[in-house]
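Novice:
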Amino acid sequence: MSTLMKIEFSVPAEKADDCNAFLAPKVSHGWEEIPETEGDRMLFRIFLEDHPLGTELTRDIEARFPGCRLSHSEQESEDWAMAWKDFFNPVMCGERFEILPPWLSEDGHDGKTHIVIEPKMAFGTGHHPTTSLCLEAIGEIVQKGLVREGMRFLDLGTGSGILGIGLCKLGLKGIGLDIDPQAIACAQENLETNNVAESMRLAVGSVESLDAGHEFDVVVANILSGPLIEMAVDIVPHVRPEGVLVLSGILNEQAQAVAAAYERRGIGQPVITSQGEWAVLVWDSVRR
Numbered sequence: 001m002s003t004l005m006k007i008e009f010s011v012p013a014e015k016a017d018d019c020n021a022f023l024a025p026k027v028s029h030g031w032e033e034i035p036e037t038e039g040d041r042m043l044f045r046i047f048l049e050d051h052p053l054g055t056e057l058t059r060d061i062e063a064r065f066p067g068c069r070l071s072h073s074e075q076e077s078e079d080w081a082m083a084w085k086d087f088f089n090p091v092m093c094g095e096r097f098e099i100l101p102p103w104l105s106e107d108g109h110d111g112k113t114h115i116v117i118e119p120k121m122a123f124g125t126g127h128h129p130t131t132s133l134c135l136e137a138i139g140e141i142v143q144k145g146l147v148r149e150g151m152r153f154l155d156l157g158t159g160s161g162i163l164g165i166g167l168c169k170l171g172l173k174g175i176g177l178d179i180d181p182q183a184i185a186c187a188q189e190n191l192e193t194n195n196v197a198e199s200m201r202l203a204v205g206s207v208e209s210l211d212a213g214h215e216f217d218v219v220v221a222n223i224l225s226g227p228l229i230e231m232a233v234d235i236v237p238h239v240r241p242e243g244v245l246v247l248s249g250i251l252n253e254q255a256q257a258v259a260a261a262y263e264r265r266g267i268g269q270p271v272i273t274s275q276g277e278w279a280v281l282v283w284d285s286v287r288r
């Protein structure tokens, strides 16, 4: 029987938001947060299916949160696999999309565009607000007639492939890039599950791996604010004039800094929408 790695650590309660932002791009399927009865601290509990990546994550946690009382152990995976079915529920993302796990793929609501995602290590199950915000924004842009069948897209930091799959199901074709090889493997499985493998090409890499002058009608990037700011100079040239740019992975307090980095590239101001502590930035007609 295969095993999982259980990771537990705690941080002062005032650092819980920082911890959530740190874990969001690393642990797609979520984690438990449990208030500790003493000391005003928050306990975080994570289960990972891949031991090498789990070991890497423990190192990252200890480096980011010194003194976090981290521990890890093995746990049988059989019960955990069943537990997925207890809490992984369908997710509505605006008026257009519904995210479903494979065991509920036949239970979706009529009239919605269904995306079937197997919960794994790669970021993007639809449960995190940044993923939901991006899909909701895409749905609204479609409703405006700005995204149409036959257009080309770039999904930067594709993770599970969820945003690219959504665009493929709207009739677009494109490329998904991620610097994590495991994310690409996971995304390929999800493309095949959703019958869109012919519409989306995947590769390990970042925006720098694209040929100069390669423009897209739609560019989506659900990463983090720091990398998005650093990559502004590289991302903007790949959005065709009057194209669409959707950015997330951004905390509310970081949104203006990210927006300013792109405004300095001459593309105008985005519409900023929030869900909880997270924001999405949308340029629905990029000026170049």
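Just so you know, we're using our numbering here: the sequence shown kicks off at 1 and counts up by one. For glycine and all other residues, C-beta sits at the position ideal for the given N, C-alpha and C.
Use the C-beta contact count for Arg45: other C-beta atoms within 10 angstroms, 16 or more gives buried, fewer gives exposed.
Specialist: exposed
Novice: Specify the secondary structure class of Asn222 as computed by DSSP and reduced to three states.
Specialist: In the three-state reduction of the DSSP assignment, Asn222 falls in the strand class.
Novice: Select from Asp217, Ala279, Asp18, Val286 the residue whose C-alpha is nearest the C-alpha of Leu133.
Specialist: Ala279
Novice: When the Cα atoms are used, what is the spatial distance from Leu100 to Leu170?
Specialist: 17 Å
Novice: Can you check DSSP and say which residues form a bridge with Cys93?
Specialist: Phe97
Novice: I'd like to confirm the pairing. Which residues does DSSP put opposite Asp155 in its beta bridges?
Specialist: Gly176, Val220
Novice: For the ligand HEM, I want to know if Gly159 counts as a neighbour, meaning its beta carbon is within less than 7 Å of at least one of the ligand's heavy atoms.
Specialist: The ligand HEM is absent from the structure shown, which contains no ligand whatsoever.
Novice: Would you kindly work out how many angstroms separate the C-alpha atoms of Trp10 and Leu70, rounded to a whole number?
Specialist: The residue asked about is misnamed: residue 10 is Ser in this sequence, not Trp. Cα to Cα, Ser10 sits roughly 7 Å from Leu70.
Novice: Short of 7 Å in beta carbon distance, which residues of its chain neighbour Glu140, apart from the five on each side in sequence? Order them along the chain.
Specialist: If the five residues before and after Glu140 are omitted, its C-beta is found closer than 7 Å to the C-beta atoms of Gly94, all from its own chain and listed in chain order.
Novice: On the criterion of 16 or more Cβ atoms from any shown chain inside 10 Å, does His114 qualify as buried, or is it exposed?
Specialist: buried
Novice: So if DSSP puts Val116 in a beta bridge, which residue, or which two residues, is it bridged to?
Specialist: Bridge pairing for Val116: Leu100 [DSSP].
Novice: Note down the Cα distance separating Val220 from Glu38, rounded to an integer number of angstroms.
Specialist: 43 Å
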